[in-house]
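Residue numbering for the sequence shown follows the numbering used here, starting at 5 and increasing by one per position.
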Amino acid sequence: MARDPARAAARERLSRSSVPHKDPARPSRLRIWVKRRRSLLRPALYGAFGIGALALVVVAVRAVDPAGRVRSIAESFSGIGEGLGLDVQQVILEGRRNTPTDMIRAALGVARGDPMLEFSPEAARARIETIAWVQTAHVERRLPGTILVRIEERRPFAIWQNGGRFVIIDREGRVVASDGLDQFGPLPLLVGTGADTMGAALHDMLKAQPEVAERVQAMVRIHERRWNLRLHNGTDVLLPEGAEAAAIQRLAELQREARLLDRPLAAIDLRLPDRLVLRPTRQAEPAEQPNQQQASRARRG
Numbered sequence: 005m006a007r008d009p010a011r012a013a014a015r016e017r018l019s020r021s022s023v024p025h026k027d028p029a030r031p032s033r034l035r036i037w038v039k040r041r042r043s044l045l046r047p048a049l050y051g052a053f054g055i056g057a058l059a060l061v062v063v064a065v066r067a068v069d070p071a072g073r074v075r076s077i078a079e080s081f082s083g084i085g086e087g088l089g090l091d092v093q094q095v096i097l098e099g100r101r102n103t104p105t106d107m108i109r110a111a112l113g114v115a116r117g118d119p120m121l122e123f124s125p126e127a128a129r130a131r132i133e134t135i136a137w138v139q140t141a142h143v144e145r146r147l148p149g150t151i152l153v154r155i156e157e158r159r160p161f162a163i164w165q166n167g168g169r170f171v172i173i174d175r176e177g178r179v180v181a182s183d184g185l186d187q188f189g190p191l192p193l194l195v196g197t198g199a200d201t202m203g204a205a206l207h208d209m210l211k212a213q214p215e216v217a218e219r220v221q222a223m224v225r226i227h228e229r230r231w232n233l234r235l236h237n238g239t240d241v242l243l244p245e246g247a248e249a250a251a252i253q254r255l256a257e258l259q260r261e262a263r264l265l266d267r268p269l270a271a272i273d274l275r276l277p278d279r280l281v282l283r284p285t286r287q288a289e290p291a292e293q294p295n296q297q298q299a300s301r302a303r304r305g
């Protein structure tokens, strides 16, 4: 039986339409990311190649002539700076209060008219920080002709008496001045070997008890182990080793309750935790003691 051509054509069209249609494959996320950043990768690669080439040149110069070539390059840059007028015109100093200006000028090692590119800020900073008053320093060049120096000074903390010598020290015990002691105002007085480095801690304990602190004339280090407090009325307060804070608090309580620090006593011994030892003076004396010369004149009178 012959096939109907129309029916055969319909079957063929139906078979074609039943075949699933495949979409073109989508690119992966990595390919999309690389494609979007392709414009940034090329400059980065050029920069990396440039840095590598510069490093190779530096290594080659140092290998051939480690001193002469580098010096000649620096001199050539200096010559360029002079041609462009890059010389020192002014020096700006910030943060100075007690440091002598001539010491900073000598440590800086530069004068007006010197080539800017020959000046080393790092070397100048290291020299300035050797000055006793200077804690930290910052030095920088500001083209075309300005050098900025910014220093942070050590703060005067106390007067330290040791071996008959009086000096100004900071909280760490570093000596910052040995003359003009009266220009820094009233400062605590530390006496004895070791008082310079240990005095800040005791001073902070006293600040917590102002009724005791205001009566203390000097903090005396005894055998580099413990402290005595010399009061303005001449009384010595003997503090226990390693328990100074508790003893000072106890002393403040006794002052509030019995005005102990205002009594004419030779010594108040707090070294024993369970008892208080008081040593009276031989006779009642006023708080302000005359010196020996005044006393001898009074006896002759």
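Even glycine gets a Cβ: it sits at the ideal position worked out from N, Cα and C.
{"Asked": "Residue range of the beta strand (DSSP E) that V216 falls in?", "Found": "Unbroken run through V216 is the alpha helix (DSSP H), P214 to A217; no beta strand (DSSP E)."}
{"Asked": "Short of 8 Å in beta carbon distance, which residues of its chain neighbour S300, apart from the five on each side in sequence? Order them along the chain.", "Found": "Low per-residue confidence applies at S300: pLDDT is 45, beneath 50, and the placement is therefore not dependable, though the value from the model is reported in the following sentence. No residues qualify anywhere along the chain."}
{"Asked": "Pick out whichever of G196, A162, R146 and R169 has its Cα sitting closest to the Cα of D208.", "Found": "A162"}
{"Asked": "Where do the ends of the alpha helix (DSSP H) carrying A125 lie?", "Found": "First, the residue type needs correcting, since residue 125 is Pro and not Ala in the sequence shown. Its alpha helix (DSSP H) spans residues P125 to I132."}
{"Asked": "Beta-carbon within less than 6 Å of V265's beta-carbon, same chain only, minus the 5 sequence neighbours each way: which residues are those?", "Found": "Note that residue 265 is Leu in the sequence shown here, rather than Val. Answer for L265: R219 and Q259, listed in chain order."}
{"Asked": "Mind pulling the beta strand (DSSP E) runs of 3 or more residues that sit fully within the segment 170 to 238?", "Found": "179 to 181, 193 to 195, 220 to 226 and 230 to 235"}
{"Asked": "Starting from T103, trace the beta strand (DSSP E) both ways and give me its first and last residue.", "Found": "Unbroken run through T103: none, as it is neither H nor E."}
{"Asked": "Under the three-state reduction of DSSP, which class applies to I163: helix, strand or coil?", "Found": "strand"}
{"Asked": "Please classify L206 as buried or exposed, where buried requires at least 16 neighbouring CB atoms within 10 angstroms.", "Found": "buried"}
{"Asked": "Helix, strand or coil: how does DSSP classify A256 here?", "Found": "helix"}
{"Asked": "What would DSSP say about L280, mapped onto helix, strand or coil?", "Found": "coil"}
{"Asked": "What residues match up with I96 in a beta bridge as DSSP calls it?", "Found": "L152"}
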